[in-house]
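Engineer: In our numbering, the protein residues as written are 83 to 282. One structure, as C-alpha coordinates, below. Some questions next.
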(Lines of atoms letter the chains of each structure in order from A; the text may use other names.)
(Lines give C-alpha, C1' and ligand atoms only; values in the text may rest on other atoms or scores of the structure.)
Protein backbone atom coordinates (compact mmCIF):
# COMPACT_ATOMS: atom_id res chain seq x y z
CA UNK A 83 0.00 0.00 0.00
CA UNK A 84 1.35 3.45 -0.89
CA UNK A 85 2.26 6.21 1.54
CA UNK A 86 -0.76 8.21 0.37
CA UNK A 87 -3.16 5.35 1.14
CA UNK A 88 -1.62 4.69 4.55
CA UNK A 89 -1.82 8.33 5.61
CA UNK A 90 -4.76 8.83 7.99
CA UNK A 91 -7.42 11.40 7.18
CA UNK A 92 -6.75 14.73 8.88
CA UNK A 93 -9.40 17.37 9.30
CA UNK A 94 -9.81 20.98 10.39
CA UNK A 95 -7.27 22.12 12.97
CA UNK A 96 -5.45 18.77 12.71
CA UNK A 97 -4.37 19.63 9.15
CA UNK A 98 -1.38 21.61 10.33
CA UNK A 99 2.20 21.64 9.11
CA UNK A 100 3.61 18.12 8.82
CA UNK A 101 0.32 16.23 9.14
CA UNK A 102 -0.03 15.59 5.38
CA UNK A 103 2.73 14.20 3.14
CA UNK A 104 4.22 16.29 0.34
CA UNK A 105 3.13 13.62 -2.14
CA UNK A 106 -0.47 13.91 -0.95
CA UNK A 107 -0.38 17.71 -1.23
CA UNK A 108 0.99 17.48 -4.78
CA UNK A 109 -1.52 14.80 -5.81
CA UNK A 110 -4.58 16.65 -4.50
CA UNK A 111 -3.63 19.94 -6.13
CA UNK A 112 -2.77 18.07 -9.33
CA UNK A 113 -6.32 16.69 -9.32
CA UNK A 114 -7.77 20.15 -8.67
CA UNK A 115 -5.66 21.66 -11.43
CA UNK A 116 -6.68 18.93 -13.89
CA UNK A 117 -10.41 19.04 -13.14
CA UNK A 118 -11.17 22.71 -12.44
CA UNK A 119 -12.79 23.69 -15.73
CA UNK A 120 -14.23 27.21 -15.97
CA UNK A 121 -13.34 28.41 -12.47
CA UNK A 122 -11.18 27.02 -9.71
CA UNK A 123 -12.94 28.30 -6.57
CA UNK A 124 -15.79 25.74 -6.55
CA UNK A 125 -13.32 22.90 -7.09
CA UNK A 126 -11.00 24.18 -4.36
CA UNK A 127 -13.85 24.30 -1.86
CA UNK A 128 -15.28 20.95 -2.95
CA UNK A 129 -11.93 19.21 -2.52
CA UNK A 130 -10.26 21.05 0.38
CA UNK A 131 -13.36 21.69 2.52
CA UNK A 132 -16.00 19.12 1.61
CA UNK A 133 -13.99 16.01 0.68
CA UNK A 134 -10.59 16.26 2.37
CA UNK A 135 -11.74 18.53 5.24
CA UNK A 136 -8.31 20.14 5.38
CA UNK A 137 -10.03 23.49 5.83
CA UNK A 138 -13.25 24.67 7.41
CA UNK A 139 -15.54 27.03 5.50
CA UNK A 140 -14.56 30.02 7.62
CA UNK A 141 -10.85 29.38 7.08
CA UNK A 142 -11.42 28.82 3.36
CA UNK A 143 -13.15 32.20 3.07
CA UNK A 144 -10.33 33.88 4.98
CA UNK A 145 -7.64 32.36 2.73
CA UNK A 146 -9.69 33.17 -0.37
CA UNK A 147 -10.00 36.79 0.79
CA UNK A 148 -6.23 37.00 1.15
CA UNK A 149 -5.76 35.42 -2.29
CA UNK A 150 -8.12 37.91 -3.93
CA UNK A 151 -6.53 40.87 -2.19
CA UNK A 152 -3.04 40.08 -3.51
CA UNK A 153 -1.71 40.17 -7.08
CA UNK A 154 -1.79 36.92 -9.02
CA UNK A 155 -4.32 34.19 -9.72
CA UNK A 156 -6.64 32.97 -6.98
CA UNK A 157 -5.71 29.36 -7.79
CA UNK A 158 -1.96 29.81 -7.32
CA UNK A 159 -2.39 32.09 -4.31
CA UNK A 160 -4.66 29.55 -2.63
CA UNK A 161 -2.25 26.73 -3.45
CA UNK A 162 0.58 28.65 -1.79
CA UNK A 163 -1.45 29.44 1.33
CA UNK A 164 -2.84 25.93 1.79
CA UNK A 165 0.47 24.26 0.94
CA UNK A 166 2.23 26.51 3.44
CA UNK A 167 -0.34 25.60 6.10
CA UNK A 168 0.09 21.87 5.52
CA UNK A 169 3.82 21.47 4.86
CA UNK A 170 5.53 24.84 5.09
CA UNK A 171 7.58 26.30 2.23
CA UNK A 172 8.02 22.95 0.45
CA UNK A 173 4.29 22.35 0.68
CA UNK A 174 3.64 25.70 -0.99
CA UNK A 175 6.03 24.85 -3.83
CA UNK A 176 4.62 21.39 -4.57
CA UNK A 177 1.04 22.68 -4.29
CA UNK A 178 1.72 25.37 -6.91
CA UNK A 179 3.42 22.84 -9.18
CA UNK A 180 0.49 20.46 -8.87
CA UNK A 181 -2.03 23.23 -9.50
CA UNK A 182 -0.27 24.72 -12.55
CA UNK A 183 1.07 21.63 -14.31
CA UNK A 184 -2.19 20.25 -15.81
CA UNK A 185 -3.44 23.65 -16.97
CA UNK A 186 -0.07 24.58 -18.44
CA UNK A 187 0.15 21.37 -20.47
CA UNK A 188 -3.48 21.53 -21.62
CA UNK A 189 -3.24 25.21 -22.60
CA UNK A 190 -0.08 24.49 -24.61
CA UNK A 191 -1.92 21.76 -26.52
CA UNK A 192 -5.03 23.95 -26.91
CA UNK A 193 -2.89 26.77 -28.28
CA UNK A 194 -1.42 24.48 -30.93
CA UNK A 195 -4.87 23.22 -31.95
CA UNK A 196 -6.41 26.71 -32.00
CA UNK A 197 -3.57 28.05 -34.13
CA UNK A 198 -3.98 25.19 -36.60
CA UNK A 199 -7.78 25.35 -36.94
CA UNK A 200 -8.55 28.99 -36.20
CA UNK A 201 -11.89 30.29 -34.97
CA UNK A 202 -14.03 27.23 -35.75
CA UNK A 203 -17.76 27.55 -34.96
CA UNK A 204 -17.81 24.38 -32.84
CA UNK A 205 -14.85 25.61 -30.79
CA UNK A 206 -16.56 28.98 -30.27
CA UNK A 207 -19.80 27.29 -29.17
CA UNK A 208 -17.91 25.07 -26.73
CA UNK A 209 -16.10 28.06 -25.19
CA UNK A 210 -19.39 29.91 -24.73
CA UNK A 211 -20.87 26.87 -23.02
CA UNK A 212 -17.90 26.56 -20.66
CA UNK A 213 -18.13 30.28 -19.82
CA UNK A 214 -21.82 29.95 -18.91
CA UNK A 215 -21.16 26.85 -16.80
CA UNK A 216 -18.30 28.57 -14.95
CA UNK A 217 -20.59 31.44 -13.94
CA UNK A 218 -23.06 28.91 -12.54
CA UNK A 219 -20.35 27.10 -10.58
CA UNK A 220 -19.04 30.31 -9.05
CA UNK A 221 -22.56 31.48 -8.17
CA UNK A 222 -23.29 28.14 -6.49
CA UNK A 223 -20.13 28.43 -4.38
CA UNK A 224 -20.94 32.02 -3.43
CA UNK A 225 -24.39 30.96 -2.19
CA UNK A 226 -22.96 28.08 -0.15
CA UNK A 227 -20.23 30.19 1.44
CA UNK A 228 -22.52 33.13 2.15
CA UNK A 229 -24.78 30.95 4.31
CA UNK A 230 -21.85 30.15 6.58
CA UNK A 231 -19.89 33.41 6.39
CA UNK A 232 -22.44 36.23 6.66
CA UNK A 233 -23.14 36.72 10.34
CA UNK A 234 -25.37 39.81 9.93
CA UNK A 235 -27.61 41.32 7.27
CA UNK A 236 -25.23 44.28 6.98
CA UNK A 237 -22.75 41.91 5.31
CA UNK A 238 -25.06 41.77 2.29
CA UNK A 239 -24.88 45.57 2.13
CA UNK A 240 -21.09 45.36 1.87
CA UNK A 241 -21.46 42.84 -0.95
CA UNK A 242 -23.90 45.14 -2.76
CA UNK A 243 -21.59 48.13 -2.33
CA UNK A 244 -18.72 46.13 -3.82
CA UNK A 245 -20.77 45.09 -6.85
CA UNK A 246 -22.02 48.65 -7.42
CA UNK A 247 -18.55 50.16 -7.10
CA UNK A 248 -16.91 47.72 -9.52
CA UNK A 249 -19.69 47.12 -12.08
CA UNK A 250 -21.61 50.42 -12.14
CA UNK A 251 -19.08 53.01 -10.97
CA UNK A 252 -16.14 51.26 -12.68
CA UNK A 253 -13.85 51.57 -9.68
CA UNK A 254 -10.75 49.39 -9.47
CA UNK A 255 -10.99 46.17 -7.49
CA UNK A 256 -8.10 47.21 -5.23
CA UNK A 257 -9.66 50.58 -4.36
CA UNK A 258 -13.03 48.95 -3.75
CA UNK A 259 -11.55 46.28 -1.49
CA UNK A 260 -9.73 48.91 0.57
CA UNK A 261 -12.74 51.20 0.99
CA UNK A 262 -15.43 48.56 1.56
CA UNK A 263 -13.03 46.45 3.61
CA UNK A 264 -12.32 49.36 5.96
CA UNK A 265 -16.05 49.99 6.30
CA UNK A 266 -16.62 46.33 7.20
CA UNK A 267 -13.75 46.34 9.69
CA UNK A 268 -15.11 49.46 11.42
CA UNK A 269 -18.59 47.95 11.58
CA UNK A 270 -17.44 44.59 12.99
CA UNK A 271 -14.86 46.03 15.38
CA UNK A 272 -15.14 45.00 19.05
CA UNK A 273 -17.67 47.21 20.84
CA UNK A 274 -17.04 49.14 24.03
CA UNK A 275 -19.77 47.12 25.74
CA UNK A 276 -17.64 44.01 25.38
CA UNK A 277 -14.68 45.78 26.97
CA UNK A 278 -16.84 47.02 29.85
CA UNK A 279 -18.10 43.49 30.52
CA UNK A 280 -14.53 42.18 30.49
CA UNK A 281 -13.48 44.78 33.07
CA UNK A 282 -16.38 43.86 35.35
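Using N, Cα and C, we set each Cβ at its ideal position, and we do this for glycine too. In this text, all values refer to a predicted model and were calculated from it rather than measured experimentally.
Check the C-beta distance from residue 180 over to residue 111 and give it rounded, since I have them as a contact under 8 Å.
Structural biologist: At roughly 3 Å, the Cβ-Cβ gap stays under 8 Å, so residue 180 and residue 111 are in contact.
Engineer: Consult DSSP for residue 138 and reduce its assignment to one of helix, strand or coil.
Structural biologist: coil
Engineer: Assuming the contact rule is C-beta atoms closer than 8 Å, residue 142 and residue 127 should be a hit. Round their C-beta distance to whole Å, please.
Structural biologist: 6 Å
Engineer: In whole angstroms, what separates the C-alpha of residue 249 from that of residue 270?
Structural biologist: Roughly 25 Å between the two C-alpha positions.
Engineer: If residue 122 and residue 157 are in contact, beta carbons under 8 Å, what's the gap, nearest whole angstrom?
Structural biologist: 4 Å
Engineer: Any idea if residue 147 is buried or exposed, counting beta-carbon neighbours within 10 angstroms, 16 or more meaning buried?
Structural biologist: exposed
Engineer: Under 6 Å Cβ to Cβ from residue 266, same chain only, skipping five residues before and after it: list those, please.
Structural biologist: 240
Engineer: According to DSSP, is residue 263 part of a helix, a strand, or is it coil?
Structural biologist: Correct three-state label for residue 263: helix.
Engineer: Is the beta carbon of residue 223 less than 8 Å from the beta carbon of residue 153?
Structural biologist: no
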